[in-house]
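Data first, discussion second: the structure below is written as structure tokens.
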Amino acid sequence: MTRRYFLHYSTVTAAFLWTGCEEHRSEPTQEDNVTASKSRPKVAEMKVERFSQKLKIPQEINFNQIDKATFLAQKSQVAIYPDNPTEVLTFTGTLPNPTIRIQKGETFALDFTNGLSKPTIIHWHGLIVPEEMDGHPKDMISTNRIKKYHYQINQSAGTFWYHTHPHGRTGEEIYHGLSGLYIIEDEKESKLNLPRGEFDIPLMIQDRRFDKNRQLIYKDPKVIQDNNGVLGDIVLVNSTPFPYMDVATRKYRLRILNASSVRTYKLAFDTIEQFAVIATDSGLLEESIMVNHIVIGVAERVDIVVDFKEKQIGDVVLLKTLGFKEGSNLTLHPDYPNFATAMEIMQFRVSQKSEDNSTLPFKLIPIARLKESDAIRTRTITMEIIEGGLWTLNHKPYDMNRIDQRVKLGTTEIWVIKNSVHMAHPFHMHGVRFQVLDRDGKIVFPTDRGWKDTVLVMPFETVRIIVEFTMPGLFLYHCHILEHEDHAMMANFLVER
Ligand code: C2O
Ligand code: CU
Ligand code: CU
């Protein structure tokens, strides 16, 4: 059965949306993708073998060792491929950008200089910090200006991230490099004795397109699809295309961040049946959950523990994204690699035997469940495409000066997020964390059981979340498909005292 919808929005930007429930093709290879997309601009001929480059591990800025960091947003030439440098944007001159590591209770301080030709601002995704520290696009700084960030970490351990958030250009800047990992640690987590140090690896996953000269292609005017989200055919992990990593026969914690523009991944290993999900966006789960795959939308994080102890030296384990069956509505256009395409991501090469004194407890940390009866109000947010081909929330294109929702500090509310289109959208809120109550009445994803700041709302699905407002000020909520937030799929909420 093949059922297809074709929606045409007559518009200047000519955004059009092709969606359909295609029959699931069994795990197409990368070659399939490439030939399926004839009309795309030429990508680099794959002279560089896959899995020939070692995974880069970001340098760390550890607030145990320093009091203040400095970032300078700048253009840099970086060796993403060995044969020709790529022009990118960085915070310190190279990619991947540093991982920030900080303990709960410590103070974060950073001087940020905007060395770019246009205004920008850094946002700390998932952190609950005062409004003036959050990095709202209204606080963009112009060229050569300095923004001094200074705030205390008052939230529990977790994997967060940072990225620039300029008005209308977030997609472009993140695509060119301006994002990194941000790890908060605390004592409760340390006591669990999870894999740490060299066995605790951040994986920032991003799909990209390169031209023949190894330069990034963003929003090709010939590719109408790019309005709905820029998809790439090369997967970078920590800014390394299709990397490999040597591992020992033991447990590893992988902190996975989907920092792509639009692509949703359904992650699995080829020869490891099961792995444990231990944390979601805003921290550890109550109990580790064994799964054989995990779905991760844009901006979401998931920490997993994977054990290589059954492996022999010389074994190779592939991390890949599976083709979606249930998510085939995520397909946008038959000519382009779609959200639902199976792709290889990286290899783990088992290269040494090892002892393992880390643990993977079943019980992690208690999570206080927010109760529906504590919510003082319910609001509905709809995800729509309107006349003119604009992606919006509640029918209104984003206006930086409009306050869309006013909420009371210290209260709890239920927000009902309704997706009225054929495409999945990751819904994100600044300045809060929330819990997922249900999806069309049911809990579907293992990641719905933890604290979240971003939730993937599947096509035509309604997700109810329960939110605590603990920080006063003006914050954003938006779709985290970068081209959608840059379009108009964003709004402001004010938390009032
Ligand atoms: Cu990653 Cu406005 O957020
Ligand atoms: Cu955010
Ligand atoms: Cu969206």
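Heads up: the sequence shown at position 301 corresponds to 301 in the working numbering, and the numbers run straight through without jumps.
Idealized CB from N, CA, C, for every residue including glycine.
Being a predicted model, the structure only gives us computed values, none of them experimental.
Pick from Leu257, Asp134 and Lys68 that is closest to Thr107, judged by C-alpha positions: On the sequence shown, position 107 is the one that residue 107 refers to. Checking every option, the nearest Cα to that of Thr107 belongs to Lys68.
7 Å CB neighbourhood of Asn213 in its chain, flanking five on each side removed: Mapped onto the sequence shown, residue 213 falls at position 213. Setting aside the 5 residues that flank it on each side, Asn213 is surrounded in the same chain by Asn84, each with a C-beta closer than 7 Å to its C-beta; the list follows chain order.
Any 3 or more C-beta pairs closer than 8 Å across the segment 257-267 and the segment 161-179: The segment 257-267 vs the segment 161-179: in contact.
Where the beta strand (DSSP E) through Leu474 begins and ends: Taking the sequence shown and counting its residues from 1, the one referred to as residue 474 is at position 474. Unbroken beta strand (DSSP E) run through Leu474: Gly473 to Cys479.
Contact under 7 Å by Cβ, Lys311 with Val350: Position 311 of the sequence shown, counting from 1, holds the residue named residue 311. Position 350 of the sequence shown, counting from 1, holds the residue named residue 350. Against a cut-off of 7 Å, the Cβ pair of Val350 and Lys311 comes out as a contact.
8 Å contact criterion, which Ile278 and Ser288 should meet: CB distance rounded: Looking up residue 278 in the sequence shown gives position 278. Looking up residue 288 in the sequence shown gives position 288. Correct: roughly 5 Å between the Cβ atoms.
Touch test, the segment 206-220 against the segment 230-242, Cβ-Cβ under 8 Å, three pairs minimum: The segment 206-220 vs the segment 230-242: in contact.
Beta strand (DSSP E) segment containing His123, residue limits: Position 123 of the sequence shown, counted from the first residue, corresponds to residue 123. For His123, the enclosing beta strand (DSSP E) begins and ends at Ile122 to His125.
Those runs of the beta strand (DSSP E) which lie wholly inside the segment 411-455 and span at least 3 residues: 412-419, 425-429 and 433-439
Any non-hydrogen atom of ligand 2 within 6 Å of His430 CB: Position 430 of the sequence shown, counting from 1, holds the residue named residue 430. Indeed, a heavy atom of ligand 2 lies less than 6 Å from the Cβ.
Length of the line joining the Cα atoms of Ile313 and Lys353: Residue 313 sits at position 313 when you count from the first residue of the sequence shown. Residue 353 sits at position 353 when you count from the first residue of the sequence shown. One C-alpha to the other measures close to 7 Å.
Ile345 to Thr382 span [Cα, whole Å]: Here residue 345 is taken as the residue at index 345 of the sequence shown, counted from 1. Here residue 382 is taken as the residue at index 382 of the sequence shown, counted from 1. Whole-angstrom Cα-Cα distance: 33 Å.
Coarse secondary structure for His484, derived from DSSP in three states: If you number the sequence shown from 1, residue 484 lands on position 484. Looking at His484 - three-state DSSP - the assignment turns out to be helix.
Under 7 Å between C-beta atoms of Ile61 and Ile122: Against the sequence shown, residue 61 aligns to sequence position 61. Against the sequence shown, residue 122 aligns to sequence position 122. In this structure, Ile122 does not lie closer than 7 Å to Ile61 by Cβ.
heavy atom of ligand 3 below 6 Å from Met490 C-beta: Numbered from its first residue, the sequence shown carries residue 490 at position 490. Not so, every heavy atom of ligand 3 lies at least 6 Å from the Cβ.
Three-state secondary structure assigned by DSSP to Phe199: Position 199 of the sequence shown, counting from 1, holds the residue named residue 199. Three-state result, Phe199: helix.
Meets three-Cβ-pair contact criterion under 8 Å: the segment 102-118 and the segment 147-154: yes
Separation of Met343 from Gln30, as counted between CA atoms: Translated into positions along the sequence shown, residue 30 becomes position 30. Translated into positions along the sequence shown, residue 343 becomes position 343. The pLDDT assigned to Gln30 is 35, lower than 50, so where the model puts this residue is not dependable, and the model offers no usable value.
Glu286 (DSSP reduced to helix, strand or coil): As a first step, residue 286 must be located in the sequence shown, where it is residue number 286. Correct three-state label for Glu286: strand.
Same chain, Cβ closer than 7 Å to Leu55, neighbours up to 5 away in sequence not counted: Within the sequence shown, the letter at position 55 stands for residue 55. Same-chain partners within the cutoff: Val237, Asn238, Thr240, Pro243, Tyr244, Met245 and Met346.
His484 beta carbon near ligand 2 (any heavy atom closer than 6 Å): Within the sequence shown, residue 484 is the residue found at index 484, counting from 1. No, Cβ of His484 sits at least 6 Å from all heavy atoms of ligand 2.
Gln153 and Ile224 closer than 7 Å at C-beta: For the purposes of this step, residue 153 is taken as the residue at position 153 of the sequence shown. For the purposes of this step, residue 224 is taken as the residue at position 224 of the sequence shown. In the sequence as presented, Gln is not what sits at residue 153; that position holds Ile. Against a cut-off of 7 Å, the Cβ pair of Ile224 and Ile153 comes out as no contact.
Residue burial classification, Pro130 (beta-carbon count within 10 angstroms, cutoff 16): By one-based count along the sequence shown, residue 130 stands at place 130. Burial call: exposed.
Extent of the continuous alpha helix (DSSP H) to which Met133 belongs: Working through the sequence shown from its first residue, we reach residue 133 at position 133. Taken as a continuous stretch (DSSP letters only), the alpha helix (DSSP H) holding Met133 covers Glu131 to Asp134.
Which of helix, strand or coil DSSP assigns to Gln206: Within the sequence shown, residue 206 is the residue found at index 206, counting from 1. Residue state, collapsed to three classes: strand.
Sufficient close CB pairs (3 or more, under 8 Å) joining the segment 184-200 to the segment 215-224: no
Coarse secondary structure for Ile61, derived from DSSP in three states: On the sequence shown, residue 61 is found 61 positions in, with the first residue counted as 1. It is a strand residue.
Three-state secondary structure assigned by DSSP to Pro137: As a working note, residue 137 is residue 137 in the sequence shown. Residue state, collapsed to three classes: helix.
Gly171 (DSSP reduced to helix, strand or coil): Looking up residue 171 in the sequence shown gives position 171. In the structure shown, Gly171 sits in a helix (DSSP, three-state: H, G or I).
heavy atom of ligand 2 below 6 Å from His125 C-beta: Taking the sequence shown and counting its residues from 1, one reaches residue 125 at position 125. Yes; taking the cut-off as 6 Å, the Cβ of His125 has a heavy atom of ligand 2 nearer than that.
C-alpha distance - Thr392 paired with Leu127, whole-angstrom precision: Walking along the sequence shown from the start, residue 392 turns up at place 392. Walking along the sequence shown from the start, residue 127 turns up at place 127. Straight-line Cα distance between these residues: approximately 25 Å.
Under the three-state DSSP convention, the category Glu461 falls into: The residue you call residue 461 lines up with position 461 of the sequence shown. Looking at Glu461 - three-state DSSP - the assignment turns out to be coil, as it is neither helix nor strand.
Ligand 1 heavy atom lying under 6 Å from the CB of Leu456: The sequence position of residue 456 within the sequence shown is 456, counting from 1. Not under cutoff, so the answer is no.
Contact between the segment 174-181 and the segment 130-143 (3+ Cβ pairs under 8 Å): no
Whole runs of the beta strand (DSSP E) within the segment 344-394, excluding any shorter than 3 residues: 375-386 and 390-393
Residues of its chain near Asp356, where Cβ-Cβ distance is below 6 Å and the 5 sequence neighbours each way are ignored: Locating residue 356 in the sequence shown gives position 356, counting from the first residue. If we look at Asp356 and ignore the five residues flanking it on each side, its Cβ neighbours are Arg250 and Lys251.
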